[in-house]
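These protein sequence lines are chains A and B, in that order.
Per the numbering used here, the very first residue in the first sequence carries number 255; after that it's consecutive.
Per the numbering used here, the very first residue in the second sequence carries number 224; after that it's consecutive.
Only one structure is covered here, and it is reproduced in the block below.
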Amino acid sequence: MGAGRGPRSVNELPVWEVFRKEKRGSAFEHAGSVVAPDADFAEAWAREQYGRRGESVALWLVPRDAIRDVEDWADEFGLKYRRVDGYSIKARLKEARERAGTAGPG
Amino acid sequence: MAAVEIPRDEQAFLEYVQAGGQVETTDWLPDDYRAKLIKFIEMHGNSELMGVLPEREWILRAPTLQRKLALTAKVQDEVGHAQLIYRVVEDLGKPREQCLADLVDGKAKFHNVFHYPTKTWGDVGVIAWLVDAAAIISQKALLKCSYAPYARIMKKICWEESFHILHGRDVILAMVTGTPEQFELVQEAVNRWWGPLMQFHGNPIPPDEDPMYLWRIKSQGNGEARQQFLDGYVPQIWELGLTVPDPKLRKRDDGEWEFSEPDWDELKHVVTGHGPKTEERLALRRRFLEQEQWVRDAVLAA
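Okay, structure coming up:
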């Protein structure tokens, strides 16, 4: 433990986010996190906590600092026409059916 | 689709979580909510860590090699739960070292059941079966916790706890199908643990007066959890020919269980650090914390 080099308390160690894959073919899902001084320690602890019972076929370990967090979703231009909630056809469908004298599809 | 805006004032935040909304570590959290979360989750972590001690005492005395291995695995799981839970507390702003220091200094609480001795192998079976059952009821009520990181790790914890209950039932079944003396060991253990078990889910304060429920940290009140425990496990106790040491215990026609009032004075006395084993077990933790300092030092030097 060199003075002034690296963390001096376990409270200052970096956080590693752990993602786990439950079975082949499924997506990686965020599982939790571990605190570790380097990738090897992080791997040892993540294996212990997220893979001991065969509950994962693969793990991803990512330093929290490396994650780019995107949470703001501006919609200044009101792009609702790109989504299903941009369309409300109920009233017009009713009108069209009345005009055609039909009760519904088929 | 625009992201859900987490309200930035306390009243609106409260309404948001009460409507089933969940929040993440990086969201704005009211100070009171954060403080309640830390208190609740830290106590849970402490309980996992202290909860292994009554069972640890039996690893060397377990009757067969298979039982020793299973018990060791269970102890390892519970310590693992403590690790996951303290990690959540750390992200909320209280360092793990501080949690451990407060615990060994007697400043923090842990669950009442872990302050009692394990007299016989029967107690070990009752702990793994009934204490874990009571705990899993509380933990399942956390799967919908308004603080999402806690809810997520609870999924993994509940999954492991289900193995523990089965292990406990297996220990109990081996004894109730054994000699009359073995059966008696189980009955005596049920008698010893019934009081603490009935106190386990806490005072029957109405959910709307329970801050942990108001913030939707837990999704049910104490009384409801106790009813669920009785409903799930009393029939399982009775079917083995065991009795419950409460003459008032019965299920009413409307499905509610009646029982003698649990000893709330005992609960308060025990969780404030005056249980029969509190001091001894905290001393053990204190000793190990000192003894294992070199591991933390080695990790920091890595």
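Note that beta-carbon positions come from the ideal geometry of N, C-alpha and C, so glycine has one too.
Quick caveat, the model's predicted, so the values are computed rather than measured.
Beta-bridge pairing of residue i - partner residues as DSSP gives them
i               : result
L272 of chain B : Partner(s): none; L272 of chain B has no beta bridge.
H284 of chain A : A:F273
L260 of chain B : In DSSP, L260 of chain B forms no bridge with anything.
E217 of chain B : Absent from the structure is residue 217 of chain B, since the part of chain B shown begins at 224 and ends at 525.
V289 of chain A : A:V269
Whole-angstrom C-beta distance between residue j and residue i, which should lie under 8 Å
i               : j               : result
G391 of chain B : H334 of chain B : That belief does not hold up - the Cβ atoms of G391 of chain B and H334 of chain B are roughly 16 Å apart, past 8 Å.
G345 of chain B : A412 of chain B : 4 Å
E384 of chain B : A358 of chain B : 7 Å
K500 of chain B : Y339 of chain B : 6 Å
Q450 of chain B : E479 of chain B : 7 Å
A290 of chain A : L267 of chain A : 6 Å
L465 of chain B : Q410 of chain B : 6 Å
A305 of chain B : L276 of chain B : That pair is no contact at about 12 Å.
I264 of chain B : V312 of chain B : 5 Å
H367 of chain B : S442 of chain B : A small fix is needed here, since residue 367 of chain B is Lys in this sequence, not His. 5 Å between Cβ atoms; contact.
V327 of chain B : R509 of chain B : 4 Å
P434 of chain B : G444 of chain B : Rounded, the Cβ-Cβ distance is 12 Å, inconsistent with contact.
M266 of chain B : A331 of chain B : 7 Å
A358 of chain A : R351 of chain A : The amino acid at residue 358 of chain A is misidentified as Ala; the sequence shows Gly. That pair is a contact at about 7 Å.
R310 of chain B : S287 of chain A : 6 Å
P253 of chain B : E228 of chain B : About 15 Å; that fails the 8 Å criterion.
Extent of the continuous alpha helix (DSSP H) run through residue i
i               : result
V298 of chain B : L288 to L315
A374 of chain B : A371 to V399
A418 of chain B : With the sequence shown as reference, residue 418 of chain B is identified as Gly, and Ala is not the correct amino acid for it. From DSSP, the alpha helix (DSSP H) with G418 of chain B extends over P403 to Q422.
Q245 of chain B : Here Q245 of chain B belongs to no alpha helix (DSSP H), and DSSP marks it neither H nor E.
V527 of chain B : Residue 527 of chain B cannot be examined here, being either before or after the span of chain B that is shown, 224 to 525.
K491 of chain B : W487 to H492
L323 of chain B : R319 to V327
K363 of chain A : As shown, chain A starts at 255 and ends at 360. That puts residue 363 of chain A outside it, with no answer to give.
E297 of chain A : A293 to Y304
Element boundaries [beta strand (DSSP E), containing residue i]
i               : result
A312 of chain A : A312 to P317
Near the ligand FAD: residue i beta-carbon under 8 Å from a heavy atom
i               : result
F263 of chain B : In the structure on display, the ligand FAD does not appear, and there are no ligands present to speak of.
Secondary structure, alpha helix (DSSP H): runs of 4+ residues fully inside the stretch 436 to 471 of chain B: If we require 4 residues or more, the alpha helix (DSSP H) runs fully inside the stretch 436 to 471 of chain B come out as 445 to 461.
Inter-stretch contact (C-beta, 8 Å, three-pair minimum) for the stretch 266 to 273 of chain A and the stretch 309 to 327 of chain A: yes
At least three beta-carbon pairs within less than 8 Å, the stretch 484 to 491 of chain B to the stretch 251 to 266 of chain B: no
4-residue-minimum alpha helix (DSSP H) runs that sit fully inside the stretch 331 to 359 of chain B, ordered along the chain: Counting only runs of 4 or more, we get 344 to 349.
Inter-stretch contact at 8 Å, needing at least 3 Cβ pairs: the stretch 242 to 253 of chain B / the stretch 369 to 376 of chain B: yes
Segment contact flag, the stretch 292 to 302 of chain B with the stretch 229 to 240 of chain B, C-beta cutoff 8 Å, min 3 pairs: no
Three-pair Cβ contact test at 8 Å for the stretch 318 to 329 of chain B versus the stretch 277 to 292 of chain B: no
Stretch pair the stretch 330 to 342 of chain A + the stretch 295 to 304 of chain A: three plus CB contacts closer than 8 Å: no
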